[in-house]
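Here our numbering is used: the first residue of the sequence shown is 29, the next is one more, and so on. For glycine and all other residues, C-beta sits at the position ideal for the given N, C-alpha and C. It should be emphasised that the depicted structure is a prediction, and the values quoted were computed from it without experimental measurement.
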Amino acid sequence: MDSLTKDQKDEYATSFAAIALYDGGADISSEQIGTLLEATGNKDVAAFYPIIFSNFLTAEKISEMIVSPVSGGGGGGGGGGGGDAGGEEEAEPEKEEEIEEAPPATDMFGGGDGGDY
Numbered sequence: 029m030d031s032l033t034k035d036q037k038d039e040y041a042t043s044f045a046a047i048a049l050y051d052g053g054a055d056i057s058s059e060q061i062g063t064l065l066e067a068t069g070n071k072d073v074a075a076f077y078p079i080i081f082s083n084f085l086t087a088e089k090i091s092e093m094i095v096s097p098v099s100g101g102g103g104g105g106g107g108g109g110g111g112d113a114g115g116e117e118e119a120e121p122e123k124e125e126e127i128e129e130a131p132p133a134t135d136m137f138g139g140g141d142g143g144d145y
């Protein structure tokens, strides 16, 4: 935690306060977040964080984030196929990719004369 900036610490504290309120079944409002921050000794959190987080982190959004799996960065998964709901879609004609032929391979060590290796 020492390597975090003050803003990052404020964001973490506010996020954890909102999650604690959600877990306790309490109303997630800026006032409640502020009260919980003060009760936990986080009195120097910038005043706008509870407002922003209470507007974004509603109980529905928190439960959605908890239930839906999230993977870490990188890669990203392929799009899911999913079932067809019966809607009609116009099929786009498939484009054929031009395959470029690679030049013939040569021996890296200059021994392309067919001799013994």
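Three-state class that DSSP yields for residue i in the structure shown
{"i": "residue 97", "result": "coil"}
{"i": "residue 75", "result": "coil"}
{"i": "residue 54", "result": "coil"}
{"i": "residue 31", "result": "coil"}
{"i": "residue 68", "result": "coil"}
{"i": "residue 85", "result": "coil"}
Residue i versus residue j: straight-line alpha-carbon distance, rounded
{"i": "residue 31", "j": "residue 62", "result": "24 Å"}
{"i": "residue 57", "j": "residue 83", "result": "8 Å"}
{"i": "residue 52", "j": "residue 33", "result": "29 Å"}
{"i": "residue 54", "j": "residue 89", "result": "15 Å"}
{"i": "residue 72", "j": "residue 60", "result": "16 Å"}
Selected residue, minimal CA-CA separation from residue i, among the options
{"i": "residue 93", "options": "46, 34, 79", "result": "46"}
{"i": "residue 42", "options": "89, 78, 96, 35", "result": "78"}
{"i": "residue 36", "options": "52, 60, 70", "result": "70"}
{"i": "residue 68", "options": "33, 96, 44, 76", "result": "44"}
Cβ-Cβ distance between residue i and residue j below 8 Å
{"i": "residue 87", "j": "residue 40", "result": "no"}
{"i": "residue 64", "j": "residue 48", "result": "yes"}
{"i": "residue 74", "j": "residue 38", "result": "yes"}
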